[in-house]
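If you read the sequence shown in full-length UniProt numbering, its first letter stands for residue 1, the second for the next number, and so on.
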Amino acid sequence: MSKIIGFIFLDYGRHYNSPPHDVIIPFPERVRYLQRRSAYRAVIPAHTFIRVTLIAQQPKPTFLSGQLLDLSITGCQLQLITTPAEHPALAVGDIFDHVQFITPTDHPIDCQGEIRQVSIKDQQHINIGIMFLQLSGLNQRYLQLYVNQLQRWANREDEVVPDA
1 MSKIIGFIFL
11 DYGRHYNSPP
21 HDVIIPFPER
31 VRYLQRRSAY
41 RAVIPAHTFI
51 RVTLIAQQPK
61 PTFLSGQLLD
71 LSITGCQLQL
81 ITTPAEHPAL
91 AVGDIFDHVQ
101 FITPTDHPID
111 CQGEIRQVSI
121 KDQQHINIGI
131 MFLQLSGLNQ
141 RYLQLYVNQL
151 QRWANREDEV
161 VPDA
């Protein structure tokens with residue numbers, strides 16, 4: 001049998017009101033973010049610039065370039081930097097024949113990709129989420145190694161990320 005416990009905020013902690021006892025649980029100094037995704041999403045450090053190239057042949061030849069923001073074994077998020085006149089017509093479900101980038105560990109990645117999210121931040125910045133399609137086993141291995149490396153750096157207590 002489960003019991004519903006209500007709570008209120010009190011002095012930087014949660015005050016659980018549970019008869020016959022009150023329990024005060026202080027907020028921790030640091031909270032580790034746990035992801036509910038099946039694949040860990042690693043944020044690319046600000047000092048690491050990874051250029052991503054997107055190439056599509058259908059319905060018309062398209063060539064886009066942007067900066068990688070985060071990366072997982074299943075996809076990535078990148079930011080396109082364009083002028084308002086160059087805004088590409090992007091839609092969820094669009095397929096790119098080539099999603100190309102080189103990891104800081106000097107491994108080239110080339111696969112197909114599908115747009116899963118489009119977010120226009122302002123007149124010059126468009127963020128898009130890409131799901132990798134037909135990723136080869138070797139490219140999966142390279143991605144997993146790099147994502148694991150980023151995850152280890154992020155989990156360090158001092159949170160210092162060295163140059164890759």
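Glycine included, C-beta positions come from ideal geometry on N, C-alpha and C. All values reported here derive from a predicted model rather than from experimental measurement.
- Annotation: proline 61 to isoleucine 55 spans about 7 Å, alpha carbon to alpha carbon.
- According to the DSSP secondary-structure assignment, asparagine 127 is paired through a beta bridge with Gln79, Ser119.
- Assigned with DSSP and collapsed to three states, glutamine 144 falls in helix.
- The distance from the Cβ of serine 72 to that of alanine 39 is about 4 Å, consistent with a contact at the 8 Å cut-off.
- Distance from the CA of isoleucine 120 to the CA of leucine 135, rounded to the nearest whole angstrom, comes to 27 Å.
- By the beta-carbon neighbour count (other beta carbons within 10 angstroms, threshold 16), glutamine 77 is buried.
- Where glutamine 57 is concerned, there is no enclosing beta strand (DSSP E), because DSSP gives it neither an H nor an E.
- Taking the Cβ atoms as the reference, isoleucine 50 lies roughly 4 Å from leucine 68, within the contact range of under 8 Å.
- Here isoleucine 44 is buried: its Cβ has 16 or more other Cβ atoms, across all protein chains shown, within 10 Å.
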